[in-house]
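Worksheet: the structure to be examined is printed underneath.
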Amino acid sequence: MMLTGLPLGTLLGIFGGAAALTLVLYILRLRRRPVAVPFAPLWHSVLGDRDASRLFSRLRRWLSLLLQLVLLALLAFALGDPRPTGSLGSGRNVVLLIDASASMQATDEKPTRLEAAKVKARELVAGLGGSDRALVVQMGDVPVPLSTLSDSPSELLQAIARVKASDTRAELGRALELGRDALRGSPHGEIVVFSDGALPEPSPAPELGGARLSFVPVGKSGKNLAITAFSVRRYPLDKSRLEVLAEIANTSSERAEVELSLWGDGAIIDSERLHVEPGARLSRFFSDVGGTRRGLEARLRYADGTRDDLPADDRAYALVPERRRARILVVTTGNTYLEAALLLDEYLDVTDVKPSAYPPAGHFDATIFDGVAPPPATDSGGLIYINPPSAGSPVKVGKAISEFGFDTWDRKSRVLRFAALGDVQVAAGHAFEPQSDDKVLGASDNGPILVAGTRSSRPFIALGFDPRQSDLVLRPAWPLLVLNAIDSFSETDASYLSAYRTGEVWRVPVQEGARDAELTLPDGTKRSVPVQDGRAVTFGERAGVYKLATGTDETRLVTEFAANLADPDESQILPHKTLSLAGKSAPLPEPGGGGVRRDLWALLVAVALALSLVEWFTYHRRITV
Amino acid sequence: MGILELFQRKKTPRGEAARVELFDDEFQRKLEMLALVSRRVFTGRLRAERRSKKKGSGVEFADHRDYVPGDDIRSIDWNVYRRFGRLLVRLYEEEEDLSIYFLLDCSASMGFGGGQKFDQARRLVAALAYVGLANLDRVTIVGVNDGVPERLPTTRGKGRIFTAFRFLERLKPGGPTDLGEALRSFAAQHKRRGLAVLVSDFYDPAGFEHGINVLRFEGFEPYVIHLVDEREAAPPLDGDLLLVDCETGDEREVTVTPAVLKRLQTAFSDYRSTIEQFCTGKHVPYLAADVSTPFDEIVLRALRRGGFLK
């Protein structure tokens, strides 16, 4: 017998105190109510018989005290929560990993696969033996234990009821590691996975430390259509127009005729019927989409109107980055090509000044220095230097070079996005000598000719030649380069948000100075999220449109962003009847040991209650007084 | 009713109010009825209102005895002499007024439980005294406890009944009971022997028989009326109590249970039976008077039983 509640010393203290108090109460003389009688000798004759049995009377009084002490002892013992020693060591220790990934929202099992898994988990808990213990873990992208390693069925059932499906994938490897750690040191360990089997096999397979792995499959069919990708962008040269990409997949085993529709701000924009082969993916562009202010949504369904088994991936959301008018200052003596490039973006407010008039009054998001490099003013924003002179250039101007081109450039750079620079010819220019923390975006064989960096916390981009000395100005790459450079400065603006993917840690830009933010989930619930390095950090579990609020009442800024499941693996909902780990298939769990749960404290309290009733009865029947 | 009358009513003495309550008109009507009944019961048998045991010169024939010289020859029964040839003298019961003593227990136990026992006892004494006075007997009422605290001097005649009422109203229960000592004092004070009606609950720590024996040994004719209150046999008590004797102040701790109450009831019944058996064994008339029984019914029972009226 072991005490799992209060320690023995504490129990003895409690019992000693209570017993002493009871003893004092018994020793103290009872204050009796005086009652007058007409003839006491009559009572004497009656009580004389009791005098003869006074010893027995006293004994009965002591019996009553003994009964009270036994009652106290039982209650004190119950506080210790005694358990048979064998029940702690010989029973099974089971970790229940309940898959809460997006595929568990499939409705091929009614109402959902997750609910079916919960039913099976409850059955397993009901079948646990009296000496078995279990731990309930919600297996999502991050495994979350929802109970302790407990033998209490009620605690386990409550934990099972709290399992919720998310729009993420399930990380089996992490969950198995958690189960292994929880079972470390416990004999007869077993990890039971309740899942549809659509789980990425962890590589390398985690060592389970001797624990047995079991698998309870759920799911019947895999009829599913999914939007596996959904993105939107503005045309670089016409940012009022949008281009939308949607990728759909048919994970079922039959050819499907589907209807893909595009919705903007709650109204349908476009719809198209497509045939998707079994197991195939199909990309579809919606080009030249206009008229949408903010929100876009893609919806997918069978052409005959029927629904698939997993509604979670039949919708995808995207929010178009909000455009605001950027104030651009151009310090030049005159550059037609530069002016033409800037005219392509209607959202730019361009101010031209002569170098002698710099700096003008006002605040600017970006300043373009064309052939000059005066000391930048405070409100100049990001700086773009075109063919800067040595004096004042943020990056050291090196040797003069001629007849060169872009031999290498950073194709992933936002500044050079969509720009084809391979055959640009430049007559003359200068090579830069950038600092170590500067980034070379483009270079000829003679040295860097396009450099980005930061000086005094102010970003800059420097081009080492006059574009008019090249054919760059005759190519689409020129306006792209200029506008991308301007966009790259405004990328850090708090109002710019992109779409996110569930199952990842999101870092959403917020306005400067914000220390925390309030996130409103798609279902309307709100929670506070921390802000680190100017970005709100949270783990994304749900697809949909989120709202992020920062600042106080006066400076409150609410921005929106969208998140999608967009996980082709998770859309593969065809259930697996087996679960393999390191080449070994996990069997069904062993049946429970049965037996009655030995919650001795409840039994002790029941006995104490019964004794109390007996004591009450005997007292009022004047048996023990 | 005027305001003045209201004030006058407030000035009514307490004793008067109590008298009205204890011996009201209804009570007095019942007394008249009882007096009539007593006469009808004994019609034809009682010529002189009361007869003594002494034989003498009355008119009622009692017995014969042999003639001895010196006897009044007018008393010789010549008819007997003619038939049997013997000279016998006719004896007549001497006509003498009887002395009736009402010995009323005034101890504290008689006032226990709201004084119903004491009230019943006073009504019984008043009723029997009225019967006695109506029959021209000499009636004396004496209050006893452990002595003789109160005494109504010997009186006779029906008109004196109100004196008896006032005396009875004045009596208050109190003090311990010692009937033996009290009746010894009574016997010493009253040389004229007669009927001694002892009205008591006989809660005498020294023993109920002492008082009765004193009366017997002193030449009185005891008549026992035992006041009984059945509620004292089954008091509404329960639990842990400290019992206090209302007369002696003796204390006794007790836990009252149904079993104890049952034994008390048995003891009470046994005590009553013991008194009755004692009286029967000593040829002393015994009458149990329950407080819940109307007093006139008890008086009638006493008259029918005999022993009170000779």
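Each protein sequence line maps, in turn, to chains A and B.
The opening residue of the first sequence carries number 2 in this note's numbering; numbering runs sequentially from there.
The opening residue of the second sequence carries number 14 in this note's numbering; numbering runs sequentially from there.
All C-beta atoms, glycine included, are put in the ideal place defined by N, C-alpha and C.
Is it the case that the Cβ atoms of residue i and residue j are separated by a distance below 8 Å?
i               : j               : result
I192 of chain A : V96 of chain A  : yes
P218 of chain A : G198 of chain A : yes
I385 of chain A : A367 of chain A : yes
V36 of chain A  : L250 of chain B : yes
N565 of chain A : A317 of chain A : yes
V257 of chain B : E264 of chain B : yes
A500 of chain A : A230 of chain A : no
T169 of chain A : T503 of chain A : yes
L12 of chain A  : L80 of chain A  : yes
V138 of chain B : F175 of chain B : no
S253 of chain A : K224 of chain A : yes
A166 of chain A : A117 of chain A : no
L76 of chain A  : A609 of chain A : yes
D570 of chain A : P201 of chain A : yes
I113 of chain B : L208 of chain B : yes
V546 of chain A : E561 of chain A : yes
A301 of chain B : V212 of chain B : no
Can you say whether residue i is buried or exposed, counting buried as having 16 or more other CB atoms within 10 angstroms of its CB?
i               : result
F286 of chain A : exposed
F407 of chain A : buried
Y94 of chain B  : exposed
K130 of chain B : buried
P307 of chain B : exposed
Q21 of chain B  : Only weak support is given to the placement of Q21 of chain B: the predicted model assigns it a pLDDT of 40, under 50, and the question is left unresolved by the model.
S381 of chain A : buried
R293 of chain B : One point to set straight first is that residue 293 of chain B is Thr, not Arg, in the sequence displayed. So T293 of chain B ends up on the exposed side.
L226 of chain A : buried
R181 of chain A : buried
G596 of chain A : In this prediction, G596 of chain A has a pLDDT of 43, which is less than 50 and means its spatial position is unreliable; what the coordinates show is noted afterwards. Under this definition G596 of chain A is an exposed residue.
R326 of chain A : exposed
P82 of chain B  : exposed
M46 of chain B  : exposed
K67 of chain B  : Interpretation of K67 of chain B is limited by its pLDDT of 47, a score under 50 that renders its predicted location unreliable; no figure is taken from the coordinates.
T168 of chain B : buried
M3 of chain A   : exposed
D133 of chain A : buried
Roughly how far, in whole angstroms, is the beta-carbon of residue i from the beta-carbon of residue j, given that I think they are within contact range, below 8 Å?
i               : j               : result
P298 of chain B : Y236 of chain B : 5 Å
F461 of chain A : G363 of chain A : The pair is not a contact, with the Cβ atoms about 20 Å apart (cut-off 8 Å).
G1 of chain A   : E513 of chain A : With chain A covering only 2 through 626, there is no way to say anything about residue 1 of chain A.
L255 of chain B : R34 of chain A  : 7 Å
Y338 of chain A : V474 of chain A : 4 Å
G193 of chain B : V227 of chain B : 6 Å
D289 of chain A : R242 of chain A : 6 Å
Identify the contact partners of residue i in chain A, using a Cβ-Cβ distance below 7 Å as the criterion.
i               : result
Y216 of chain B : P39 and F40
V227 of chain B : Simply none; closest approach about 20 Å.
S122 of chain B : P39 and F40
F308 of chain B : The premise fails here: F308 of chain B is roughly 20 Å from chain A at the closest Cβ pair, so nothing lies under 7 Å.
L250 of chain B : V36
Who are the neighbours of residue i on chain B, taking C-beta pairs under 8 Å?
i              : result
L48 of chain A : R265, V267 and V273
Note down, in chain order, every chain A residue with its Cβ under 8 Å from the Cβ of residue i.
i               : result
T261 of chain B : A41
F221 of chain B : Result: empty, since nearest Cβ-Cβ is about 11 Å, beyond 8 Å.
Output, in chain order, the set of chain A residues within a Cβ distance shorter than 9 Å of residue i.
i               : result
S282 of chain B : Per Cβ cutoff of 9 Å: no residues; S282 of chain B is ~11 Å from chain A at best.
G245 of chain B : In the sequence as presented, Gly is not what sits at residue 245 of chain B; that position holds Glu. Those within 9 Å of E245 of chain B in chain A are V38, P39, F40 and L43.
F125 of chain B : A37, V38, P39 and F40
Run through chain B and tell me which residues come within less than 9 Å of residue i, C-beta to C-beta.
i              : result
W44 of chain A : L256, D258, R265, V267, V273, L277 and A280
> Within the chosen definition, does the segment 270-283 of chain B reach the segment 211-223 of chain B through at least 3 CB pairs nearer than 8 Å?
Replying inline: no
> Quick one: any contact between the segment 193-213 of chain A and the segment 144-152 of chain A, if contact means 3 or more CB pairs under 8 Å?
Replying inline: Flag = no, the segment 193-213 of chain A and the segment 144-152 of chain A do not touch.
> Are at least three pairs of beta-carbons, each pair with one atom in the segment 478-491 of chain A and one in the segment 328-346 of chain A, less than 8 Å apart?
Replying inline: yes
>> I want to know whether the segment 76-96 of chain B touches the segment 159-172 of chain B - three or more CB-CB distances under 8 Å.
In response: no
> Within the chosen definition, does the segment 392-399 of chain A reach the segment 454-473 of chain A through at least 3 CB pairs nearer than 8 Å?
Replying inline: yes
> Would the segment 298-316 of chain A and the segment 347-361 of chain A be scored as touching if the rule is three or more Cβ pairs under 8 Å?
Replying inline: no
> With contact counted as at least three CB pairs below 8 Å, one residue from each stretch, are the segment 188-196 of chain B and the segment 115-125 of chain B in contact?
Replying inline: The count of Cβ pairs closer than 8 Å, one atom from the segment 188-196 of chain B and one from the segment 115-125 of chain B, reaches three, so the stretches are in contact.
> So, do the segment 133-141 of chain A and the segment 171-178 of chain A have three or more beta carbon pairs nearer to each other than 8 Å?
Replying inline: Touching, per the Cβ criterion.
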